[in-house]
Amino acid sequence: ATVEDANALFGAPPGLQQGVCLVDLLLENPRAVVVFDEVEKAHESLFREKLHSALSAGSMAHKRDRTRVAPLSETFFFFTSNCFE
492 ATVEDANALF
502 GAPPGLQQGV
512 CLVDLLLENP
522 RAVVVFDEVE
532 KAHESLFREK
542 LHSALSAGSM
552 AHKRDRTRVA
562 PLSETFFFFT
572 SNCFE
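Just so we're on the same page, the working numbering is the position in the sequence shown counted from 1, plus 491.
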């Protein structure tokens, strides 16, 4: 995965085509289950910078519109890995 793919989860930066991002989905469905499959293949900035701070804060802010903040109190995150094969 690329840095752009990791960043797209939090909203497209200005000037890029906007798709569905994780923040928008969590705002619509706060009681969600989010699965990150094969996390060892994800770009390292996804976990080091983005998800770690979001999980520590208990909320996830939209990259383009900082007023859109999804609370994570009712969201379950699962991470899978094949690193022990």
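All C-beta atoms in this analysis are idealised placements derived from N, C-alpha and C, irrespective of residue type, glycine included.
Owing to the predicted nature of the structure, the values given are computational and were not obtained by experimental measurement.
Cysteine 574 counts as exposed, since fewer than 16 other C-beta atoms from the protein chains shown sit within 10 angstroms of its C-beta.
Residue pairing for serine 550: DSSP places it in a beta bridge opposite Pro562.
Residue burial annotation: valine 524 is exposed, with fewer than 16 other C-beta atoms found within 10 angstroms of its C-beta. Counting along the chain, no alpha helix (DSSP H) covers valine 525; the unbroken beta strand (DSSP E) around it starts and ends at 524-527. Taken through DSSP and simplified to helix, strand or coil, phenylalanine 575 comes out as coil.
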